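In this note's numbering, the protein residues as written are 58 to 218.
Input: a single structure, listed below in structure tokens.
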């Protein structure tokens, strides 16, 4: 199947479940968990984490949403373009941001070998215990949001918050 054929299939796909309406308690619980995770974390860092996880999970809906939010919050186009290659473009990010991005990758790709001790230790060196727990919770929530958006075929650019 070519990309064009796949895109045409996606355009005519029958609607999938509206998760928020069909499971309102679960949806509200996830919103609460997400809000608690963000509490006290730098908003720019929150967006970087959500962008990186969405890239890794190939969630176009969430990637569009979080790059838009990051721009509105004042994030530079230059840094947004470098998130996908943050290790090679390390000078664009602080040591704390790089530690968070490394942890984001390890948790998002947990089936590829777990969360290595050195990655965890690097994050623990930049975040106190409470911040680290909230950062982990943030990574958990964006991975869940990615899976909801992908599974329910959310269309990028139709921010339905």
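Think of the CB as a built atom: it goes at the ideal place given N, C-alpha and C, for glycine as much as any other residue.
Since the model is a prediction, treat every value here as computed from it, not as a measurement.
Secondary structure at residue 126, three-state DSSP: helix, strand or coil?
Residue 126 carries a helical assignment under DSSP once its states are collapsed to helix, strand and coil.
Beta-carbon contacts of residue 94 that lie in its chain and below 6 Å, excluding the five residues immediately before and after
Excluding sequence positions up to five before and after residue 94, its CB lies within less than 6 Å of the CB of 191, 194, 195, 198, all in the same chain and listed in chain order.
Could you give the C-beta distance for residue 87 and residue 158, rounded to a whole number, given that I count them as a contact under 8 Å?
No, residue 87 and residue 158 are not in contact; Cβ-Cβ is about 23 Å, not under 8 Å.
Let me know the secondary structure DSSP gives residue 203 once reduced to three states.
Helix, per DSSP.
Alpha-carbon to alpha-carbon, residue 148 and residue 90:
Going by the C-alpha atoms only, they are around 32 Å apart.
N- and C-terminal bounds of the alpha helix (DSSP H) containing residue 81
Counted as a single uninterrupted DSSP element, the alpha helix (DSSP H) harbouring residue 81 occupies residues 81–95.
Residue range of the alpha helix (DSSP H) that residue 138 falls in?
Membership of residue 138 in the alpha helix (DSSP H) is indicated by the continuous run 134–139.
Quick one: is residue 154 buried, meaning 16 or more other Cβ sit within 10 Å of its Cβ, or exposed?
Counting Cβ neighbours within 10 Å, residue 154 comes out buried, since at least 16 surround it.
What three-state label does DSSP hand residue 210 in the structure shown?
Of the three classes helix, strand and coil, the one that applies to residue 210 here is coil, per DSSP.
So is residue 179 buried or exposed if we call it buried at 16+ other beta carbons inside 10 Å?
With a 10 Å radius around the Cβ and a threshold of 16 neighbouring Cβ atoms, residue 179 comes out buried.
Check each candidate in 213, 189, 74 and name the one with the smallest Cα separation from residue 98.
With distances taken between Cα atoms, residue 98 lies closest to 189.
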